[in-house]
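Taking it in order: structure first as structure tokens, then the write-up.
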Amino acid sequence: MKKTVFLAFLAMLFTFLPPLLGLDLSASAADPSPLPTSPPPESSAAPEPTAAAPAQERIRVLLADGAAELDMQDYLLGVLAAEMPASFHMEALKAQAVAARTYALYCAAAGKHGEADVCADPRCCQAWQDEAALREKWGGDYEANAQKLRRAVAETAGQHLCYEGQPVFAAFHSSSAGATEDCGQVWNPRPYLVSVPSPESAETVPGYVSELICAPLDFRDVLLSAYPQADFSGPEEDWIGPLARDESGRVASLVLGGVEIRGTALRALFSLRSTAFTLDYADGRFVFTVTGSGHGVGMSQYGANVLAQQGADYAEILAHYYPGTQLVQ
Ligand SMILES: [Zn+2]
Numbered sequence: 001m002k003k004t005v006f007l008a009f010l011a012m013l014f015t016f017l018p019p020l021l022g023l024d025l026s027a028s029a030a031d032p033s034p035l036p037t038s039p040p041p042e043s044s045a046a047p048e049p050t051a052a053a054p055a056q057e058r059i060r061v062l063l064a065d066g067a068a069e070l071d072m073q074d075y076l077l078g079v080l081a082a083e084m085p086a087s088f089h090m091e092a093l094k095a096q097a098v099a100a101r102t103y104a105l106y107c108a109a110a111g112k113h114g115e116a117d118v119c120a121d122p123r124c125c126q127a128w129q130d131e132a133a134l135r136e137k138w139g140g141d142y143e144a145n146a147q148k149l150r151r152a153v154a155e156t157a158g159q160h161l162c163y164e165g166q167p168v169f170a171a172f173h174s175s176s177a178g179a180t181e182d183c184g185q186v187w188n189p190r191p192y193l194v195s196v197p198s199p200e201s202a203e204t205v206p207g208y209v210s211e212l213i214c215a216p217l218d219f220r221d222v223l224l225s226a227y228p229q230a231d232f233s234g235p236e237e238d239w240i241g242p243l244a245r246d247e248s249g250r251v252a253s254l255v256l257g258g259v260e261i262r263g264t265a266l267r268a269l270f271s272l273r274s275t276a277f278t279l280d281y282a283d284g285r286f287v288f289t290v291t292g293s294g295h296g297v298g299m300s301q302y303g304a305n306v307l308a309q310q311g312a313d314y315a316e317i318l319a320h321y322y323p324g325t326q327l328v329q
């Protein structure tokens, strides 16, 4: 029984690999591989963005076999295809195209990679897939999907988000838990990455609530591997101590075995899909119940899709998730 539970735990570990968490320069904008959803209806055009300096048209991308200079539109098509289901609403795809361009410009300005502006590793920068990978992924839908995504990129050509004249750290994630996360809970705080409401729910996000079940000894050993000072000599039901939630409702910290551990650290340690979780001890096992997926900072992709279905255009979606930023071209 214990082995079965532990195998299930291992399966969870490998199923829900989270993005790397760390300092700003190792921060990823994205949580990879959002789950697919049903095709939404099309809708309205967006207002004209504010005129400003043009965005660069080419970008140096660090790939597995070295840096390659790509046309920005081709690069963004590959990011969009890798980061958001092609079935999403056109306005959500356009919002994602702008966020992806902005994040690439932010990385380029930060000099994150010496010989390249950005890399194609979703754990570092943002995911990117080439045409061969997309043909394999989409099969007979390749032409239709590629055409749809190319349109999202073309209709937002050159557009990106600025704050005080600089491209912003346009973080995004798969789905939130009622509200997005304040950037300061995960990385350095930014005035445009504060907690805002996000409308997705179990009805609009596949696998919105997930569960991780741990046998007590596995639970203890995982914690001791990172926190050897923790004390689990008492009864199992006493291992869980006080829990503190932040403004967005996510776990800021939780005391386990007498040690206060940040929610982000627990997410990484147990490969939880997000820090919006509860932890219970019942029937001789520990159960994490997790809502949403991703670090929670910036634009929620599923939230963007719901807002688009409700009639918001991409500029309104971006203004909602990145308040105080300017959409420029
Ligand atoms: Zn990178």
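Each residue of the sequence shown is one higher than the one before, starting from 1 at the first, in this note's numbering.
Think of the CB as a built atom: it goes at the ideal place given N, C-alpha and C, for glycine as much as any other residue.
Less than 7 Å between the CB of residue i and some heavy atom of ligand 1, yes or no?
i      : result
VAL61  : no
HIS113 : yes
VAL79  : no
ASP121 : yes
VAL153 : no
VAL118 : yes
CYS162 : no
CYS124 : yes
Cα separation between residue i and residue j?
i      : j      : result
VAL374 : SER198 : The shown model of the chain, from 1 to 329, leaves out residue 374, and the question about it has no answer.
ARG262 : LEU269 : 11 Å
GLY292 : ASP313 : 23 Å
GLY207 : THR289 : 12 Å
ARG151 : THR275 : 35 Å
VAL222 : VAL255 : 15 Å
ALA177 : TYR302 : 11 Å
ASP349 : CYS124 : The chain is shown only over 1 to 329; residue 349 falls outside these bounds and no answer can be derived.
TYR322 : TRP187 : 16 Å
ILE317 : GLY324 : 13 Å
LEU279 : VAL287 : 6 Å
ASP231 : ASP283 : 21 Å
ALA315 : ARG273 : 28 Å
PHE88  : ALA304 : 9 Å
LEU212 : THR204 : 21 Å
LYS148 : ALA109 : 29 Å
MET84  : GLY234 : 46 Å
PHE277 : ILE59  : 38 Å
SER43  : GLY311 : The pLDDT assigned to SER43 is 37, lower than 50, so where the model puts this residue is not dependable; a value taken from the coordinates is nonetheless given after this. Computed Cα separation, rounded: 7 Å.
ARG267 : CYS214 : 14 Å
GLN326 : PRO242 : 41 Å
TRP138 : TYR281 : 42 Å
ALA253 : GLU115 : The question names Ala, but residue 253 is Ser in the sequence shown. So the two alpha carbons sit approximately 39 Å from each other.
VAL168 : PRO189 : 12 Å
ARG348 : ARG285 : Summary: the structure shown does not reach residue 348, with the chain confined to residues 1 through 329, and so no result is reported for it.
LEU25  : GLY111 : At LEU25 the pLDDT is 38, less than 50, meaning the model places this residue with poor confidence; the figure from the coordinates comes in the next sentence. Each residue's Cα considered, the two are about 9 Å apart.
THR37  : ASP182 : Only weak support exists for where THR37 lies, its pLDDT of 37 falling under 50; the coordinates are left without a value.
SER225 : ASP238 : 19 Å
GLU136 : GLN73  : 21 Å
Considering only C-alpha positions, which residue in the set the options is nearest to residue i?
i      : options                           : result
GLU236 : GLY257, GLU203, THR325 and GLY114 : GLY257
VAL251 : ALA265, ALA146 and ASP238         : ALA265
PRO228 : TYR75, GLU260 and CYS125          : GLU260
ALA127 : GLY114, ALA95, ALA82 and HIS113   : ALA82
ALA202 : ALA68, GLU57, LEU80 and VAL306    : VAL306
TYR75  : SER87, ALA157 and ARG285          : ALA157
TYR106 : GLY324, GLY165, VAL205 and SER271 : GLY165
HIS113 : ALA68, TRP239, GLY311 and GLN326  : ALA68
GLU57  : ALA95, ALA86, MET84 and ALA104    : ALA104
GLU155 : ALA95, TYR281 and GLU115          : ALA95
VAL180 : GLY298, GLY311, HIS320 and GLN309 : Note that residue 180 corresponds to Thr in the displayed sequence, not to Val. Of the listed residues, the one whose Cα sits closest to THR180 is GLY298.
GLU200 : SER300, GLY111, ALA244 and GLN73  : SER300
ALA144 : GLN73, ASP246 and ALA86           : ALA86
ILE240 : GLN73, ARG220 and GLU136          : ARG220
On the premise that residue j lies in contact with residue i, defined as a C-beta separation below 8 Å, what is that separation, rounded to the nearest angstrom?
i      : j      : result
GLY294 : SER174 : 4 Å
LEU171 : ALA29  : Checking the sequence shown, residue 171 turns out to be Ala, not Leu. Correct: roughly 5 Å between the Cβ atoms.
LEU80  : LEU70  : About 14 Å; that fails the 8 Å criterion.
GLY296 : SER248 : 7 Å
LEU77  : VAL153 : 6 Å
GLU91  : ALA308 : 4 Å
TODO: Determine, using beta-carbon pairs with one atom in the segment 123 to 138 and one in the segment 180 to 194, whether at least three such pairs fall under 8 Å.
DONE: no
Open item on the list: With a threshold of 8 Å, are at least 3 pairs of Cβ atoms found where one atom belongs to the segment 57 to 70 and the other to the segment 119 to 130?
Closed with: yes
Task: Segment contact flag, the segment 154 to 161 with the segment 92 to 106, C-beta cutoff 8 Å, min 3 pairs - done: yes
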